[in-house]
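Encoded as structure tokens, the structure appears first; notes follow it.
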Amino acid sequence: MDLVRHLRYFMVVAEELHFGNAAIRLGMAQPPLSQRIKRLEEELDVQLFDRSSRQVRLTEAGRLLVVEAREIVDRVDRMRELVRQGDGAVLRVGVPPDLAAVVIAALVAGFRESNPGVRLAPAEIWTADQVTALADGAIDVGIVRHPVTAPGLHFGQVLVQPQGVLLAEDDPLAEAAEVHLADLAGRELLMPPKEGEPGMHADLLAECRRHGYVPAQVHSGAGLGLVLAGAAVAFAPRLESPGVAWRPLLGSPLACRFSTAWRSATVAITDFSAVAVRTLKERARMADDGATPVRRVSRRPGVLA
4 MDLVRHLRYF
14 MVVAEELHFG
24 NAAIRLGMAQ
34 PPLSQRIKRL
44 EEELDVQLFD
54 RSSRQVRLTE
64 AGRLLVVEAR
74 EIVDRVDRMR
84 ELVRQGDGAV
94 LRVGVPPDLA
104 AVVIAALVAG
114 FRESNPGVRL
124 APAEIWTADQ
134 VTALADGAID
144 VGIVRHPVTA
154 PGLHFGQVLV
164 QPQGVLLAED
174 DPLAEAAEVH
184 LADLAGRELL
194 MPPKEGEPGM
204 HADLLAECRR
214 HGYVPAQVHS
224 GAGLGLVLAG
234 AAVAFAPRLE
244 SPGVAWRPLL
254 GSPLACRFST
264 AWRSATVAIT
274 DFSAVAVRTL
284 KERARMADDG
294 ATPVRRVSRR
304 PGVLA
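The sequence shown finishes on residue 308 if you use my numbering, and the numbering steps up by one all the way, no holes.
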């Protein structure tokens, strides 16, 4: 068990005295948080919270642990900071696992140019895990997809990335100049994992349904194997890859929104955020939020409003 991480979860619950609010603050679902607190109680062989009433209360053991937990977590944070200073300044960055390698390379190069004394250490992490990692102090800044519900986080400029559809190159729809979402009816869909991108997952599926596309099945993953095999389609920015065909969606109804996110700003984080905006615009086909016009999509018969 990662004791320090579990102590961080305990401290947030102790501050909120409400598992639901604590889960929102940590950017995670309530059941996993409750399970981790139970695991901590089992590890320490004590009951930390009184859950017998509607109001969550700290037990005497819980009140004693608050002081010790804060001291342990603070010491670990100081230790990590000292180690980082000894090895040279490092900025730990969370990036989406499906962000193109050339984009990540451009982020590293762009940041190195403006901050030669700071090493950028990117880690591929989905948005929900980035929120937790930011709360834990495991990363300093992240590139997240919106919508994000996480009190205590600060966000940089929001950028929009219009989405088209990826099809197997021999799919009949690959011959079309544009694809209507309703034309995808009956096809299975490949998306990032729901637990990793819950906000984007819900928004894109709702928009698909509004335009007449309800996937026969939704698969999770960042690779294109299912698309190459003709077993599923996927949404993505313009992409050229052997074996797949990218086509724009009629009316550009789908878009993903990204921004940087952090808890405490530093000069390095502010500089990285500026580099990220410039790089994502140049290399990932993103634009300022509101700068990409959305055309009206003609609805097909049977499509819900």
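Note that beta-carbon positions come from the ideal geometry of N, C-alpha and C, so glycine has one too.
The alpha-carbon separation between ALA124 and PRO175 amounts to approximately 43 Å. Contact between the region 109-121 and the region 218-236 is absent: fewer than three C-beta pairs spanning the two stretches fall below 8 Å. In this structure the region 141-158 lies against the region 91-110, because at least three pairs of beta carbons, one per stretch, are closer than 8 Å. Contact between the region 249-261 and the region 152-165 is present: 3 or more CB-CB pairs across the two stretches fall below 8 Å. Beyond the five residues adjoining it in sequence on each side, ASP274 comes within less than 8 Å, by CB distance, of PHE114, SER117, ASN118 in the same chain, given in chain order. Scanning its chain for C-beta atoms nearer than 8 Å, with the 5 sequence neighbours on each side dropped, one finds around LEU231 the residues ALA171, GLY246, VAL247, in chain order. Between ALA235 and LEU184, the CB-CB gap reaches or exceeds 7 Å.
By the neighbour-count criterion, in which a residue is buried when 16 or more other Cβ atoms sit within 10 angstroms of its Cβ, SER244 is exposed. DSSP lists CYS259 as the beta-bridge partner residues of GLN164. Judged by DSSP in its simplified three-state form, MET31 adopts coil rather than helix or strand. Within the same chain, LEU29, GLY30, MET31 come within 7 Å of THR135 by CB-CB distance, once the 5 residues on both sides are set aside. GLN160 is not a Cβ neighbour of VAL16, given a cutoff of 7 Å.
Per the coordinates, the alpha-carbon of GLU44 lies some 59 Å from the alpha-carbon of GLU178.
In this structure THR152 is not in contact with GLU200, their Cβ atoms being roughly 13 Å apart against a cut-off of 8 Å. With contacts defined by Cβ atoms closer than 7 Å, ALA72 and LEU169 do not form a contacting pair.
Counting along the chain, the unbroken alpha helix (DSSP H) around HIS9 starts and ends at 6-19. Counting C-beta atoms within 10 angstroms of its own C-beta, ASP77 has fewer than 16 neighbours from the protein chains shown and is therefore classed as exposed.
In the three-state reduction of the DSSP assignment, ALA25 falls in the helix class, which pools H, G and I. Straight-line measurement puts the Cα of GLN133 at about 18 Å from the Cα of ASP80. Between VAL93 and ILE107, the C-beta gap is not smaller than 7 Å, which leaves the two residues out of contact. The DSSP-derived three-state label of VAL217 is coil. Between LEU137 and ARG266, the gap from beta carbon to beta carbon is short of 7 Å.
Taking 8 Å as the upper bound for CB-CB distance, PRO154 and ILE27 are in contact here, some 7 Å apart. Along the region 75-153, the beta strand (DSSP E) occurs as fully enclosed runs of 3 or more residues at 92-98, 121-127, 144-149, listed in sequence order.
Beta-carbon to beta-carbon, GLU191 and ALA219 are separated by about 5 Å, close enough to satisfy the 8 Å threshold. In the displayed model, ARG60 falls within a strand according to three-state DSSP. Non-local C-beta neighbours of PHE158 in its own chain, meaning closer than 6 Å and more than five positions away in sequence, comprise SER262, ALA264, ordered along the chain.
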